[in-house]
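Numbering (our numbering), first residue to last: 12 to 240.
Notes for the one structure printed next.
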């Protein structure tokens, strides 16, 4: 039985708003296996982004633990959490967040340079990833010169540039038309299947969600498995 690369164990998260306490996650459990694509489908405001932020060590739970590649993250220093996040976790958001003054190639090189790779190594890997995403002819284009789908494929290449174990995506096709969304999803799926990456993808697109290995939702603060379609 494969070992989970990401686990949420009895995670609680609430926010205090004046005299009221808003509970977002309550005793939430979740696990993600290598090479697995899981769709997180739930209405807006139910806590999908909060779950992703906690899973990605961007936010602390009020209780419970997040385990990344066997490492319990409860009680770790912020520096150690940042190190795990940088090495083990990639993020893709609804908006691409590419740096506008840099080319597609340079945007994908950036996280590798921060991780300590040489410019030559970073350039070679960035070029390979962009070619794999069918963006070879566009590597020297800046984000403003790319289509929405191309921008998002660059963002995916950037997210996996340092070979993380886990990819967390928050509505990665939410700003795209259905045809472009399908194309971007195919590129994302190809990267996951080729690399053995594990991916948790929040989406409102039921058609794309049905193509993943599993679907989960949030109900009363818990992660609940949905039946296969």
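Just so you know, even glycine gets a beta-carbon here, dropped at the ideal spot from N, CA and C.
This structure is a prediction, so every number in the text was calculated from the model and none was measured.
- [ ] Rounded to whole angstroms, what's the CA-CA distance from residue 129 to residue 186? Just pull it up for me.
- [x] As a first step, residue 129 must be located in the chain shown, where it is residue number 118. As a first step, residue 186 must be located in the chain shown, where it is residue number 175. Cα-Cα distance, rounded: 34 Å.
Open item on the list: Output needed for residue 227: all residues of its chain with C-beta closer than 8 Å, excluding positions within five of it in sequence on either side, in chain order.
Closed with: On the chain shown, position 216 is the one that residue 227 refers to. The answer, listed in chain order, is 41, 49, 50, 51, 52, 234, 235, 236 and 237.
TODO: Using DSSP bridges, identify the partner residues of residue 155.
DONE: Within the chain shown, numbered from 1, the residue matching residue 155 stands at position 144. Beta-bridge pairing links residue 155 to no other residue.
Task: Contact set for residue 45: own chain, Cβ-Cβ below 6 Å, skip 5 residues either direction - done: As a position in the chain shown, residue 45 is number 34, starting the count at 1. The residues are 13, 16, 207 and 209.
Open item on the list: In this structure, how does DSSP classify residue 118 when only helix, strand and coil are distinguished?
Closed with: By one-based count along the chain shown, residue 118 stands at place 107. In this structure, residue 118 counts as helix in the three-state DSSP scheme.
- [ ] Using 10 angstroms around the beta-carbon of residue 127, count the other beta-carbons present and answer buried if the total reaches 16, otherwise exposed.
- [x] Sequence index remark: in the chain shown, residue 127 carries index 116 (1-based). Of the other Cβ atoms in all chains shown, fewer than 16 fall within 10 Å of the Cβ of residue 127; this residue is therefore exposed.
Open item on the list: Do residue 59 and residue 229 have their beta-carbon atoms positioned less than 8 Å apart in this structure?
Closed with: The residue given as residue 229 occupies position 218 in the chain shown. The residue given as residue 59 occupies position 48 in the chain shown. One thing to note: residue 229 has its Cβ within 8 Å of the Cβ of residue 59.
Task: Nearest-angstrom Cβ-Cβ length linking residue 140 and residue 177, presumed shorter than 8 Å - done: In the chain shown, the residue the question calls residue 140 occupies position 129. In the chain shown, the residue the question calls residue 177 occupies position 166. Actually they are not in contact, since the Cβ atoms of residue 140 and residue 177 sit about 17 Å apart, beyond 8 Å.
- [ ] With distances taken Cα to Cα, identify the nearest neighbour of residue 146 among 163, 28 and 131.
- [x] As a working note, residue 146 is residue 135 in the chain shown. When only C-alpha atoms are compared, the closest one is 163.
Open item on the list: What does DSSP give as the partner residue(s) for residue 103 in the beta ladder?
Closed with: For the purposes of this step, residue 103 is taken as the residue at position 92 of the chain shown. 180.
- [ ] Consult DSSP for residue 41 and reduce its assignment to one of helix, strand or coil.
- [x] Your numbering for residue 41 matches position 30 in the chain shown. Strand.
TODO: Look at the alpha carbon of residue 116 and the alpha carbon of residue 67, and state the distance between them as a whole number of angstroms.
DONE: In the chain shown, the residue the question calls residue 116 occupies position 105. In the chain shown, the residue the question calls residue 67 occupies position 56. Their backbone Cα atoms lie some 25 Å apart in a straight line.
- [ ] Quickly, what does DSSP pair residue 229 with across the bridge? List them, please.
- [x] The sequence position of residue 229 within the chain shown is 218, counting from 1. Residue 229 pairs with 234.
- [ ] Assign residue 160 to buried or exposed, taking buried as 16 or more other Cβ atoms, counted over all protein chains shown, within 10 Å of its Cβ.
- [x] As a position in the chain shown, residue 160 is number 149, starting the count at 1. The residue is buried, with at least 16 neighbouring Cβ atoms inside 10 Å.
- [ ] Identify the continuous alpha helix (DSSP H) that holds residue 18 and give its terminal residues.
- [x] Here the question's residue 18 lines up with position 7 in the chain shown. Element bounds for residue 18: not the alpha helix (DSSP H) but the beta strand (DSSP E), 17-28.
Open item on the list: Using the three-state DSSP reduction, which class does residue 60 fall into: helix, strand or coil?
Closed with: Here residue 60 refers to the residue found at position 49 of the chain shown. Note: residue 60 maps to helix in three-state DSSP.
TODO: Please state if the CB of residue 99 and the CB of residue 119 are separated by a distance shorter than 8 Å.
DONE: Taking the chain shown and counting its residues from 1, the one referred to as residue 119 is at position 108. Taking the chain shown and counting its residues from 1, the one referred to as residue 99 is at position 88. At least 8 Å separates the beta-carbon of residue 119 from that of residue 99.
Task: Opening and closing residue of the alpha helix (DSSP H) in which residue 75 lies - done: If you number the chain shown from 1, residue 75 lands on position 64. Run containing residue 75: none in the alpha helix (DSSP H); it sits in the beta strand (DSSP E), 74-79.
TODO: Using alpha carbons as the reference points, say which of 220, 31, 173 and 102 lies closest to residue 63.
DONE: What you label residue 63 is simply residue 52 of the chain shown in a count that begins at 1. Cα-wise, what sits closest to residue 63 is 102.
Open item on the list: Please return the same chain residues whose Cβ sits closer than 6 Å to the Cβ of residue 57, not counting the five positions on each side in sequence.
Closed with: Walking along the chain shown from the start, residue 57 turns up at place 46. Cβ within range, chain order: 229.
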